[in-house]
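Converting from the sequence shown to the numbering used here requires adding 191 to each position, the first position being numbered 1.
All C-beta atoms in this analysis are idealised placements derived from N, C-alpha and C, irrespective of residue type, glycine included.
Have a look at the structure below, then the notes.
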Amino acid sequence: MKRPVLWLACALLFSCLSASARAGDTVSVAKVLSPDLIQLEDGTKIGLLGIGTPKSRAVTKQDCIEHLSNLIKGKTVVLEADTLVVDKNGKTLQRYVYLDGTLINMRMISDGYAAPSKTSHSLKAEFATAFADAKSSQRGSHATEKSTAEQCTATTQKGTRCKRYTTNLSGKCWQHE
Ligand SMILES: [Zn+2]
Numbered sequence: 192m193k194r195p196v197l198w199l200a201c202a203l204l205f206s207c208l209s210a211s212a213r214a215g216d217t218v219s220v221a222k223v224l225s226p227d228l229i230q231l232e233d234g235t236k237i238g239l240l241g242i243g244t245p246k247s248r249a250v251t252k253q254d255c256i257e258h259l260s261n262l263i264k265g266k267t268v269v270l271e272a273d274t275l276v277v278d279k280n281g282k283t284l285q286r287y288v289y290l291d292g293t294l295i296n297m298r299m300i301s302d303g304y305a306a307p308s309k310t311s312h313s314l315k316a317e318f319a320t321a322f323a324d325a326k327s328s329q330r331g332s333h334a335t336e337k338s339t340a341e342q343c344t345a346t347t348q349k350g351t352r353c354k355r356y357t358t359n360l361s362g363k364c365w366q367h368e
C-alpha cells in the first residue's frame with residue numbers, strides 16, 4: 192500500500208510545481224507592453240523567452256509592439272517554461288508563448304520584429320537560424336528600404352518641403368540624402 196501513496200504524493204507535488212511555474216498554462220493576453228513583454232488579463236506580466244527589441248533603422252520599438260499586438264493581443268495563448276531557464280523570485284517569468292501551435296517568440300524573430308537575446312535556452316539555435324533567414328530576406332528590422340514611399344523630409348532652397356517621395360531609410364530623397 193505504500194507505493195500508490197508515494198505516487199500520489201509525487202503527482203500532487205508535480206502538479207503544484209507546474210502550477211506555480213505556469214507551465215502549459217492557457218491564458219489571455221490583455222496588453223503588449225514591449226516587443227518582449229506582455230500582460231495577461233489577471234495583470235501578470237510575462238516575458239517572451241529568448242528575444243529582445245531589434246536594433247534597427249527600419250523599424251521602431253513601437254512598430255515591434257504593434258506587430259506583436261496584431262499577433263496575440265486579446266488572444267488565448269499557451270505559456271511554456273524552458274527547463275534551462277530558472278524562474279527567479281520577484282523577476283518577470285520568461286516563457287515560450289504559443290498561439291495555435293505557433294511559437295510566437297520565434298515568429299517575432301522570423302518576421303524581423305525581434306532579435307535573439309543572450310539568454311541560454313533550448314531553442315537558441317533555432318532562434319539564430321530564424322534570425323539569419325529574416326536577415327537574408329530583409330524582413331522587418333532587416334529591411335534596407337521602407338516598404339512604402341514617404342515624402343522627403345528635407346527642405347528645399349525655397350524653404351518649402353521637398354515634394355519627392357522616397358523609400359530611403361533616411362527619409363530623404365536621392366537629391367537630399
Ligand atoms: Zn528631397
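Since I believe residue j is in contact with residue i (beta carbons under 8 Å), could you give me their beta-carbon distance rounded to a whole number of angstroms?
| i | j | result |
| --- | --- | --- |
| residue 301 | residue 324 | 7 Å |
| residue 224 | residue 230 | 6 Å |
| residue 389 | residue 363 | No answer is possible for residue 389: the residues shown for the chain start at 192 and end at 368. |
| residue 249 | residue 232 | Incorrect: roughly 33 Å between the Cβ atoms, too far for contact. |
| residue 313 | residue 284 | Not quite, the Cβ-Cβ distance comes to about 16 Å (not below 8 Å), so this is no contact. |
| residue 259 | residue 304 | 7 Å |
| residue 391 | residue 346 | What the structure shows of the chain is the stretch from 192 to 368, and residue 391 is not part of that stretch, so it cannot be assessed. |
For residue i, is the classification buried or exposed, using 16 other Cβ atoms within 10 angstroms of its Cβ as the cut-off for buried?
| i | result |
| --- | --- |
| residue 329 | exposed |
| residue 357 | buried |
| residue 241 | buried |
| residue 227 | buried |
| residue 253 | exposed |
| residue 350 | exposed |
| residue 316 | exposed |
| residue 332 | buried |
| residue 306 | buried |
| residue 243 | buried |
| residue 218 | buried |
| residue 340 | exposed |
| residue 311 | exposed |
| residue 277 | exposed |
| residue 272 | buried |
Is residue i near ligand 3 - that is, is its Cβ less than 6 Å away from at least one heavy atom of it?
| i | result |
| --- | --- |
| residue 223 | This structure does not include ligand 3; its bound ligands are ligand 1. |
Please tell me whether residue i has its Cβ less than 7 Å away from any Cβ of chain B.
| i | result |
| --- | --- |
| residue 317 | In the structure shown, chain B cannot be found, because there is only a single protein chain. |
Neighbourhood of ligand 1 [Cβ distance below 6 Å to any heavy atom], ordered by chain position = 343, 345, 353, 355, 363, 364, 366 and 367
Could you pull out every unbroken beta strand (DSSP E) segment of at least 3 residues lying fully inside the stretch 251-314, listed in chain order?
-> 267-271 and 284-290
Flag this pair as touching only if the stretch 258-278 and the stretch 288-299 have three or more C-beta atom pairs under 8 Å; answer yes or no.
-> As far as the Cβ criterion goes, the stretch 258-278 touches the stretch 288-299, which means the pair count is three or higher.
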